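Numbering (my numbering), first residue to last: 6 to 75.
So, in structure tokens, the structure goes:
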């Protein structure tokens, strides 16, 4: 079965604006897909991006953000 994954309540424009705010995010997205398995550093950076997307700029714990946001 096909699914469409998305971040709840967050659109492409919002994600793009945040991605442009920090050079770190541009570097992360540039690295994605170069390796079969993502590195721990890449995962950690993407978790920070997701937290930032939900307004928690200094956090990198997605579960903590999920608990606080919902």
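Yeah, the Cβ is synthetic: ideal placement off N, Cα and C, and Gly gets one too. Bear in mind the structure is a predicted one, so any value in this text is a computation, not a measurement.
Can you tell me the Cβ-Cβ gap for residue i and residue j, rounded? I've got them flagged as a contact below 8 Å.
i          : j          : result
residue 12 : residue 58 : 6 Å
residue 65 : residue 44 : The Cβ separation is near 15 Å, so there is no contact.
residue 31 : residue 24 : 7 Å
What residue does the alpha helix (DSSP H) around residue i start on, and which one ends it?
i          : result
residue 34 : 28 to 36
residue 50 : 45 to 58
residue 71 : 67 to 74
Buried or exposed for residue i, going by 16 or more other Cβ atoms inside 10 Å?
i          : result
residue 55 : buried
residue 71 : exposed
Just how far apart, CA to CA, sit residue i and residue j?
i          : j          : result
residue 62 : residue 33 : 16 Å
residue 22 : residue 16 : 10 Å
residue 46 : residue 37 : 11 Å
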